[in-house]
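Engineer:
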Amino acid sequence: MRRVFVTGGTGFVGRAVVQALGAEGYAVRCLVRRGSERDLRGLGAIERVEGDVMARQSLDEGMAGCNAVIHLVGIIREHPASGVTFERVHTQGTINVLEAAATVGARRYVHMSALGTRVGAHSRYHRTKWAAEEVVRASPIPWTIFRPSIIYGRGDGFVSMLAGMIERLPVVPVIGTGRQRLQPVPVAHVAQGFVRALALDASVKHTYDVGGPEPVTMVDLLDRVAAAMGRRRPLKAHAPLGLVRAATSVLHRFPGYPLTPDQLLMLEEENTCEPGAFYETFGLVPVPLSTGLTAMLA
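Take 1 as the starting number for the sequence shown in this note's numbering and just add one per residue.
1) So, using beta-carbon positions, are Thr94 and Ala138 closer together than 8 Å?
2) So what's Pro255 in DSSP terms, helix, strand or just coil?
3) Measuring alpha carbon to alpha carbon, tell me which residue in Arg48, Arg231, Arg108 and Asp223 is nearest Asn67.
4) Applying the 10 Å Cβ sphere with the 16-neighbour rule, what's the burial state of Ser203?
5) So is Asp156 buried or exposed if we call it buried at 16+ other beta carbons inside 10 Å?
6) For Asp156, does the three-state DSSP call read helix, strand or coil?
7) So what does DSSP say about Glu167, is it helix, strand or coil?
8) Pull up the distance between the alpha-carbon of Glu214 and that of Leu289, whole angstroms please.
9) Taking the Cβ atom as the reference point for each residue, do Leu115 and Asp220 lie within a distance shorter than 8 Å?
10) Please name the residue or residues paired with Glu78 in a DSSP beta bridge.
11) So if DSSP puts Met112 in a beta bridge, which residue, or which two residues, is it bridged to?
12) Does the separation of the CB atoms of Val110 and Ile151 fall below 8 Å?
13) May I have the straight-line CA-CA distance separating Arg245 from Glu268, to the nearest angstrom?
14) From the DSSP output, in three-state form, read off Tyr26 for me.
15) Taking 8 Å as the cut-off, decide whether the C-beta atoms of Pro173 and Ala227 are in contact.
16) Hey, Val6 and Leu43: beta-carbon distance below 8 Å or not?
17) Val216 and Ile166 look like a contact to me (Cβ under 8 Å); what is the Cβ gap, rounded to whole Å?
18) Quick one: residues in its chain with C-beta nearer than 6 Å to the C-beta of Glu47, no 5 flanking neighbours on either side, listed in chain order?
19) By Cβ distance below 8 Å, which residues in the same chain neighbour Ala298 in space, the five residues on each side in sequence not counted?
20) Nearest-angstrom Cα distance between Ala191 and Val13?
21) Could you tell me the distance, in whole angstroms, from the CA atom of Gly51 to the CA atom of Pro234?
22) Any idea which residues DSSP pairs Tyr208 with across the strands?
23) To the nearest angstrom, how far is the alpha carbon of Leu293 from that of Thr207?
24) With the cut-off set at 8 Å, would you say Leu40 and Gly9 are in Cβ contact?
25) Identify every residue that forms a DSSP beta bridge with Ile70.
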């Protein structure tokens, strides 16, 4: 299991996984789309192979000689004109990666899903993630699935956005009541889970919900982010959910608009879990949210 093929290695979570693999002595080979090689700078001696999860030949060639596969590729926003859809990237991409893994004789497969993935989910994001999970569960390759809540750390796309709003805006917008709960988890713990799963037979054919030790509401999270930045509690303006839904249905087609209807469906749901099995199985100690935010933002 010493040579690991990683998809999505140039992303926020991917970079953390690649670093954690290197720290444990694994040889890492990353699938890299043309033009994104620079995103792997500073990660040490790793192999880079050009390809795409939608190009099966590049997977077969790039994966040759690897014992294990970590599949992290996912999107939060579609670009249908370019063929970038949830169905193609999440579901068909996973089919392609698993077929290539079987072809090269990989003996371990670890998969990134998402908390909220389930049969009959409201959002297409979660439904296509579920379809991908079903493909994984049907695979003969020993597999492990992780379903994280919001993942935070330096360079993330969520907590960093909240911190930016707190820093720039006199009043921070909140969708609806802001009482929906989520369970942010540090990126370092997610990365360690992926790496430790490779050598842990007890995790084979298991799915792990991954979250921090405590659920928080969006309103509370904004206050905690501000406190970690050494700032006072921010003023908040609550935008009625119906108004946001109507605006999003029209404006999501414009590149600068920050939401899609599918993302709004996910924001309306709770995003919490019981993460005890994750921490116990992989020997990790939960980090209190305020401690993690301070380490990230102070």
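Cβ coordinates follow ideal geometry from the N, Cα and C atoms, glycine included.
Structural biologist: Let me lay it out:
1) In this structure, Ala138 does not lie closer than 8 Å to Thr94 by Cβ.
2) Pro255: coil per DSSP, three-state reduction.
3) Residue nearest to Asn67 within the set Arg48, Arg231, Arg108 and Asp223 is Arg108 (criterion: CA-CA distance).
4) Buried, by the Cβ-count rule.
5) Answer is buried; the Cβ neighbour count reaches 16.
6) Residue state, collapsed to three classes: coil.
7) In the structure shown, Glu167 adopts helical secondary structure according to DSSP, grouped into three states.
8) Between Glu214 and Leu289, the alpha-carbon positions lie close to 7 Å from each other.
9) Result no, Cβ atoms of Leu115 and Asp220 do not sit closer than 8 Å.
10) As DSSP reads the structure, Glu78 sits in no beta bridge.
11) Paired residue(s): Phe146.
12) With a cutoff of 8 Å on beta-carbon distance, Val110 and Ile151 are scored as not near each other.
13) Answer to the nearest angstrom: the Cα atoms are 11 Å apart.
14) If DSSP states are grouped into helix, strand and coil, Tyr26 belongs with coil.
15) Between Pro173 and Ala227, the CB-CB gap reaches or exceeds 8 Å.
16) Taking a C-beta distance under 8 Å as the contact criterion, Val6 and Leu43 do not qualify as a contact pair.
17) Actually they do not touch by this definition, with Cβ atoms about 15 Å apart.
18) Cβ neighbours of Glu47 beyond the five flanking positions: Arg29.
19) Leaving aside the five residues that flank Ala298 on each side, the residues in its chain whose CB is nearer than 8 Å to its CB run, in chain order, Ala228, Met229 and Gly230.
20) Ala191 and Val13 have their alpha carbons spaced roughly 7 Å apart.
21) Gly51 and Pro234 have their C-alpha atoms spaced approximately 44 Å apart.
22) Per DSSP, Phe146.
23) Computed Cα separation, rounded: 27 Å.
24) Yes, the Cβ-Cβ distance between Leu40 and Gly9 is below 8 Å.
25) The partner list for Ile70 (beta bridge, DSSP) reads Val6 and Val110.
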